[in-house]
Ligand code: B12
Ligand code: B12
Ligand SMILES: Cc1ncc(COP(=O)(O)O)c(C=O)c1O
Ligand SMILES: Cc1ncc(COP(=O)(O)O)c(C=O)c1O
């Protein structure tokens, strides 16, 4: 962990080499856990819940709620003191490093360097019908008080909407000669998003289009890290604003051009 | 775990040798965890939270909420798939085994066997001022619609109230020639209750009064198991009704007399 | 219904008028058409079950055959009845024989025409009988066990596996649920067939199949006995198979089905001609089967802003109401939808929400109303989310809602875990108990924020409905008047399944439905 | 204050009359007495700080010496001032010298009598000056940063370690807390001295010491600047050291202190003569120091049933009010206590609770009221508990409470963890935003459950107060009229610290208090 946060922000007495949970006293390690078990509530089930907590590394587990859910299930709320620690100094997380630019700066950066608008294709792919997220990034209206990419003179946007197959998307990329493709994935059950995203990257590569194309994905369960692993150039999670995406696109496109 | 629960209560397909958490599919192992860390929220802190979850034995941890609490603290809500299992068939929990008796049965049992009322001394000891629990067991009025021990012809009750020192209590035991002592402990911070209860048992033993005296303790964080470990004869937790205590006292006294 | 909002009756009247005109337009359009799914529903009603060796439903095979044979615009019933008559096979076997090419599907020769019609009427009457029996069974359950107190507490199960679903449904019943809905697998609405058999692999939900309906029904009947309260089953009469779903619901004793005039068009990009035609038929089936329908206005607020678009919800409720009444549904069967989707950090949002919820009650006093919980502003913070849901429960109790969908603290994360529902039910039951008579007790300040808000929203609905009436519903959809979404009359999925009826189109199930509805109305009068 | 409950003004008048008579009795009794703690408070006011080598506070040593010397019934001030005068030492050094036997403590000889009195007046004036400055500092903070909106959100810290407490207090401030109370270590109220120094080891709370007050003050001042809102500090003027605690509060800029006429008697078995005598003095100190006091009626409902004993809460509020007004406190300083302790599973409990909370607002319109969250029916189910707290927050906002204690979902388990408070604040702030003007918007049905309930409770209070007036407060306590607890006039702890004043008893701090209060009142008039 880099300490570029103002140092006063790290509470005094903290050892970054061994960070553990904090309840009300440094080092107490307190965590809260809840789960159901597929056995009815009973003193034995209570003991089973306790042992599970111990296996999770919780010292002195306290069971605060036990509930018989009926039909052979029980629910447990447990608190305990976690034995585990993390060496935060060893953590390195890939981060999106583009600078925050204003609407005007972004447009200037693109138009000055490219001399034309960047072509952006966006879609919510597979069986996923959740368009609100990709629309928030692309539509005029935008999100959280910021304009969407359509409003930027620097971008020409093709928003294909929902339930777009990877094939349709690829065709559109060819047709438009896109500079960047934005894929949204919201439904993550059984990891459908992972297989669908991986397929997309494979198809782009198989088609020889990968070079020169910026691949982005986003959605509430997407992280930049996962996106890189899947072969994308960037990933954007919950709460992303259009300007963050626009700034990244502009800077990354210019960086690659050089 | 004994299977004296109606077997239909154990969901089908359950392997009692390896019970783990259940979210919505047998074997998914899902648990919910929350905790604070003494570092500000940041991608690194997020990774630290994730690693802690992994150390706790959670596969595929998902961070659903991250909050910067300010002044160098952060809060995390994580879900994951717990790797651990418990062999429920191996669990043996000491339990209070006295039968449930009615008000009349309890009185009859005591009066027929002892030919007199049992003398019961009760107190909330140490610095603990929480009398509601012990009063619920002892006072006429009782608890949850059941009479307290004072109402039983079988018992003579001396309720010393709150913040009673172990010394005062011992004196009262001598003075009354008590058959049983009921100690309540509600405040458990820094385990004050454990040291206070242990001291009480020691004092009783040092004074040679242990023999022939039934020692009970109770309170919301007391379990029968802990009570036995501390040298008591029984422990009663949250939700205890006076009749449960009365029934145990009657049966245990008679059992010992024989 | 006590009038707490001082709403203008003339404005309500104008809304009903405009919505009535819209409904007439839609139903007039639908009356001239049939669809592949309506025809498949007819076959299901007549007793065709099961699939071929590739698990393609026999009803699809037969209707496809009818399409190939150019028979659809006169209805599949008569050719199919002729095949049954000619072969002497039971309906399912006849359908299989047709699918396998062993039995021809064609219009009866003139000499058999009348016998074929009789056969069609007989098969249809058998279906009607089954529906009658189903209704009676439900009635007896309700008389014996009751339905519990209102609002009906409604939860979803969605494990993807019907067997896990039943376990979870029972656990819900134990915790006080009165309606259990099985959410369908993602995008099932886009399938132009209903999968077959008991299924254990769904995404974000469990496939709706006839077998799954039965399995869940049996589980809920067990649970009903255990808890001493009839627990209703809910599923979707929605998507490309809307009429068939309604028919299966009627046959397998579902009690509640989601069914909305516009949902499929707006949110699934199903063609509007298709869905509106399907709509008319399926609502009549629901009416005859005593199903409660839940409309889907709540969905609008997932894309549009709940504060700005409140009047679109009300407008759509009027349209759904007018279409439904014309299809024979009684107000007590109309779970008109709405949802608490306002930004909880917006000042006075709770007041606006109460205004909206109460307004719906006063305008549709005899409809149960289906009130949906916050989802849009749920964040994955289970603790704050649980409180958002608590506010929702209170708004529901305070305004006398009929069907209360339980909010889940794990919304925005995953479909509910087994205890999520128990915790939600516990919280809602506590609130409903602690605030039991709050609705009776409070009045709203005359001309205050709440009354004013209700009046503004009603005014907005008048404007929108009259605009839609003038543009025509199809035009309005093309202009994106609902949920900020534009749809073209010829766009979307399923248009190829719409068939303009030829003269001579005949559907005996329509006649059965008339009979059932007439019986019901006679019953009511008696 | 809008009258929504249609309460009978005559009944309220009768309550005030009876409570006034009770207050007169109590204050008459107190006026004839002093206590060791009052005398120690006088020394603290005069500038004595710190402890001896055994950490016994010097004020205890001096007052003990005065007791031994038989000087207490005429007040410690004069002999102490004489010692200062004679020795020429600053107060603390003089006290240490007395403690160590190096300086005698005795009444001044006649020739020095007047000089000693002057010295006493001077020392007392120095104390008054410090209080004056403290008040001004608070005033300036409030003018510059404001206090945020009402209800003031009040949270507790209770780690046992003052340094952990300050960290947590700041985190609370960031999350929107406007009052931070440091809960005291278990049973500190039974100590007949105030521990010395910064402490890091408490049980269930952190010792209240002068050093801890200062440390927390500094932390909260920092946080106030960070968040742009003055964050108040709260502690207890309660227990055997009540007058000293109030004095430290006045000197160290506490803003709020728990201070109740009966709490110590009922819940700590402190002798009633002691606590009522201490009470009179400490309330005058609080009045002069501009402290808000919080009374402890909420505690009754932890032993007695909240539904049945609701009128005892109201009755006690009247007694606390009448005593407080007679001690110079302004209504704006009276955080009269009550709590939402009804069984949440009781039908319509939310209505009864709203009735109670609103009733208190209408009867004490100028008092902020301190509203305490559910604790009794909290169970360790953090999810349900969070919802109980949400209902409480809504009741608070709906009825216009002034000081809102945050309910913690982990009540019934442990003192709060760092995030427990943030989650509670977040939830309450959301509710306060979403329901901002709910109070203005709703009216209660005339003669409905809510109005009727309020009337019944008020009627009960009339009866109880008149009974207590007739029995005398001491008699009433002996009969267990409050919280189901009986206490004997000579029972409990601390009676030996009560001294009947001799003629010639003199306490210059009383005069300083008169001056400060007169200044305040003049200020108000200006
Ligand atoms: C609205 C909604 C719907 C609407 C969708 C309408 C529409 N046109 O989008 C309707 C009602 C149709 C719907 C239906 C379903 N839904 Co839905 N729905 C939601 C809901 C309530 C809100 C989603 C949303 O709009 N968020 C607001 C946007 C702005 O946030 P966002 O998507 O995260 O986007 C932001 C960032 O992630 C990022 N971003 C997103 N994409 C991209 C892409 C790029 C390239 C970039 C750079 C950034 C970016 O930027 C955005 C702005 O910050 C969520 C619950 C919730 N509160 O999250 C459930 C939810 C997403 N739905 C869910 C499900 C299961 C379904 C169904 C499958 C249910 C069913 N079985 O029928 C159906 C079917 C839909 C389908 N096939 O996909 C689940 C998904 C569970 C999971 N993790 O897999 C959720 C979480 C609900 C739940 N708890 O079960 N749903
Ligand atoms: C009421 C109450 C008070 C009242 C007590 C009044 C009184 N006369 O009892 C007052 C206001 C005085 C009070 C004060 C304090 N309290 Co307190 N209080 C509570 C509260 C809200 C309810 C406790 C209660 O009455 N429960 C109802 C009874 C019926 O239940 P019970 O005690 O579990 O008893 C049952 C069983 O356990 C059993 N049982 C109990 N004892 C025995 C004994 C025997 C022999 C048997 C057989 C059975 C038995 O039978 C009973 C009936 O089923 C709890 C929070 C909560 N909801 O639990 C906090 C709580 C207990 N208090 C707490 C604290 C810290 C305090 C203080 C120390 C705070 C402070 N620093 O000032 C003070 C000081 C008191 C002291 N020195 O002990 C903490 C304890 C934390 C901990 N685990 O250590 C709690 C949990 C609150 C919290 N979250 O912090 N409190
Ligand atoms: C009327 C209606 N139909 C269907 C659905 C969703 O189901 P599907 O994914 O099958 O379209 C909803 C969702 O809320 C709905 O309201
Ligand atoms: C007025 C008052 N004093 C004191 C206390 C508790 O503190 P202690 O343990 O110091 O008695 C309370 C508790 O609520 C109270 O209301």
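Residue numbers (this note's numbering), protein chains in the order written: chain Z, 1 to 258; chain P, 1 to 258; chain F, 1 to 526; chain V, 1 to 526.
Positions of the beta carbon are idealized from the N, C-alpha and C atoms, including for glycine.
Item	Value
Contact list for the segment 160-189 of chain P against chain V, Cβ threshold 9 Å	161, 162, 163, 187, 188, 189
Residue 235 of chain F CB to nearest heavy atom of ligand 3 below 7 Å	no
Three-state secondary structure assigned by DSSP to residue 377 of chain V	coil
Chain Z contacts made by the segment 176-189 of chain F, where a contact means CB separation under 7 Å	186, 187
Alpha-carbon to alpha-carbon, residue 118 of chain F and residue 84 of chain F	11 Å
Selected residue, minimal CA-CA separation from residue 137 of chain Z, among Z/228, Z/222, Z/88, Z/184	Z/184
Beta-bridge pairing of residue 76 of chain Z - partner residues as DSSP gives them	Z/35, Z/66
Beta carbon proximity, residue 167 of chain V to chain Z, threshold 8 Å	yes
Short Cβ contact (8 Å threshold) for residue 291 of chain F with residue 260 of chain F	no
beta-carbon residue 75 of chain F near ligand 3 non-hydrogen atom, thresh 7 Å	no
Residues bridged to residue 159 of chain P (per DSSP)	P/122
Contact residues within the segment 145-166 of chain F, judged by C-beta distance below 7 Å to chain P	159, 161, 164
Beta-carbon proximity of residue 106 of chain P to residue 14 of chain Z, cut-off 8 Å	no
Residue 180 of chain P, enclosing beta strand (DSSP E) - first and last residue	180-184
Residue 431 of chain V to residue 158 of chain Z span [Cα, whole Å]	41 Å
Neighbour-count burial assignment, residue 416 of chain F, 16 or more Cβ in a 10 Å radius	buried
is_contact[residue 215 of chain F, chain Z] using C-beta, thresh 8 Å	no
DSSP three-state assignment for residue 216 of chain V, whether helix, strand or coil	helix
CA-to-CA distance, residue 226 of chain V to residue 4 of chain Z, given in whole angstroms	For residue 4 of chain Z, the pLDDT reaches just 38, beneath the cut-off of 50, and the residue's location in the model is therefore unreliable, although a value from the coordinates is still provided. Whole-angstrom Cα-Cα distance: 20 Å.
Backbone secondary structure at residue 178 of chain F - three-state DSSP	coil
Proximal residues, the segment 321-343 of chain F versus chain A, C-beta separation under 7 Å	The structure shown contains no chain A; its protein chains are Z, P, F and V.
Segment contact flag, the segment 15-22 of chain V with the segment 316-326 of chain F, C-beta cutoff 8 Å, min 3 pairs	no
Where the beta strand (DSSP E) containing residue 103 of chain Z begins and where it ends	Per DSSP, residue 103 of chain Z belongs to no beta strand (DSSP E); it is in the alpha helix (DSSP H), 103-114.
Whether residue 4 of chain F touches residue 444 of chain F by CB criterion (8 Å)	yes
Below-8 Å beta-carbon distance, residue 199 of chain F vs any chain P residue	no
C-beta neighbour in chain F for residue 7 of chain P, strict 8 Å	Only weak support is given to the placement of residue 7 of chain P: the predicted model assigns it a pLDDT of 35, under 50, and the question is left unresolved by the model.
Residue 373 of chain V vs residue 392 of chain V beta-carbon contact at 8 Å	yes
DSSP state of residue 147 of chain Z mapped onto helix, strand, coil	coil
Segment contact, 8 Å Cβ cut-off, at least three pairs: the segment 324-334 of chain V with the segment 282-302 of chain V	yes
Beta carbon proximity, residue 38 of chain Z to chain P, threshold 8 Å	yes
Whole-angstrom distance between residue 154 of chain F and residue 500 of chain F, CA atom to CA atom	39 Å
Where residue 164 of chain P falls: helix, strand or coil (DSSP)	strand
Same chain only: Cβ atoms within 7 Å of residue 74 of chain P, ignoring 5 sequence neighbours per side	36, 37, 39, 40, 41, 45, 66, 67, 68
Contact set for residue 26 of chain Z: own chain, Cβ-Cβ below 7 Å, skip 5 residues either direction	13
Contacts around residue 246 of chain V, its chain only, beta-carbon distance under 6 Å, and the 5 residues preceding and following it disregarded	237, 282, 285, 286
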